[in-house]
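Heads up, the final residue of the sequence shown is numbered 133 in our numbering, and it's a clean run with no missing numbers.
Report on the following structure.
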Amino acid sequence: GGVGGGAFPNFLLDYTHGRMEFRDAHNAFLMIAAEMGIVTAVVLLVILVMVAFHAAWLVWFAQDPWLKALGLGMLGGVAGLIVANQFSYCFGSQELTGYFWLLSGLTVRAVLIERTQRLEKGSRKLEAGSRKLEVGSRK
């Protein structure tokens, strides 16, 4: 476990054996691992990777160009967030993370909608094909 949310600066002297004073970790993932534990940092990374996979799925497989654009934007957003958090603590900015998590939810939901539409379209084709077989067998 970690030292608790927001408590890293208070424990910095313990980590550095008194060689540094009050400072930031300058890396969001290290800060989260120090404050909330390594497991939390790994879970955050897994969630970010899952959002990236959903965004990539939209780019490659979505039929709607707006969903493709959403996927492409989210791929750039995830990459940008990961890179930016290597050098600062951007997760503390509600302006940034609020929009990011909102768009992440929309991305995951868009994949679900797109897959449902594909299944419905496939079942309609299957149903139409079975009707043709029934009509052909009656003759």
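Ideal Cβ placement from N, Cα and C applies to all residues, glycine included.
If you draw a straight line from the Cα of Ile32 to the Cα of Leu96, it is about 25 Å long.
Excluding sequence positions up to five before and after Tyr83, its CB lies within less than 6 Å of the CB of Ala22 and Met25, all in the same chain and listed in chain order.
In the displayed model, Gly31 falls within coil according to three-state DSSP, outside both helix and strand.
Only buried fits Ala104, as 16 or more other CB atoms lie within 10 angstroms of its CB.
Following the DSSP letters along the chain, one finds Gly67 inside the alpha helix (DSSP H) bounded by residues Pro59 to Ala78. The alpha-carbon separation between His48 and Thr101 amounts to approximately 7 Å. Taking C-beta atoms under 8 Å as the contact rule, Val53 and Lys62 qualify, at a distance of about 6 Å. Less than 8 Å divides the Cβ of Ser98 from the Cβ of Val45. Cβ neighbours of Trp51 within its own chain (closer than 6 Å, five residues either side excluded): Val105. For the pair Ala56 and Gly67, the CB atoms are not nearer than the 8 Å cut-off. Assigned with DSSP and collapsed to three states, His20 falls in coil, not helix or strand.
Between Leu75 and Phe94, the beta carbon gap of about 6 Å places them in contact (Cβ cut-off 8 Å). When the beta-carbon positions are compared, His20 and Phe85 stay at least 8 Å from each other.
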